[in-house]
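K.L.:
Below are the structure tokens for one structure; questions will follow.
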Amino acid sequence: MSRLDPLPGQPQSGGEPVFDAPWQARAFAMAVHLNEQGLLPWTEWSSRLSAVIERHEKQGAVRTGDDYYGLWLETLEAIVAELDSR
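When you line the sequence shown up against this note's numbering, it's residues 114 to 199, in that order.
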């Protein structure tokens, strides 16, 4: 697997992701796992997450790392639902 660059808005320190709660790290790990299994190209993930973030930012709803990973989870849930319906 190639190195995954941080996405826009992703909380990080020293170039590495930062998590405030265990659920955030688990959501991150699930997306990485789907990528490693060839089910979710990182470019598709980045594009879809960016679209969700943009939609929420227009509503003034993204302010903290917790908000960011909530959007990460929202995106992940949509993708998994699509994978499940295949």
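The C-beta atom is built at its ideal place from N, Cα and C for all residues, glycine as well.
Can you tell me which residues form a DSSP beta bridge with residue 126?
P.N.:
DSSP output for residue 126 lists 129 as bridge partner(s).
K.L.:
Report the rounded CA-to-CA distance for residue 131 versus residue 137, giving the unit in angstroms.
P.N.:
Straight-line Cα distance between these residues: approximately 9 Å.
K.L.:
Determine the contact status of residue 161 and residue 192, defining contact as a CB-CB distance below 8 Å.
P.N.:
In this structure, residue 192 lies closer than 8 Å to residue 161 by Cβ.
K.L.:
Tell me which same chain residues have a C-beta within less than 6 Å of the C-beta of residue 186, skipping the five on either side of it?
P.N.:
Contacts found: 140.
K.L.:
Between residue 166 and residue 153, is the Cβ-Cβ spacing less than 8 Å?
P.N.:
No, the pair does not count as a contact, with Cβ atoms beyond the cut-off.
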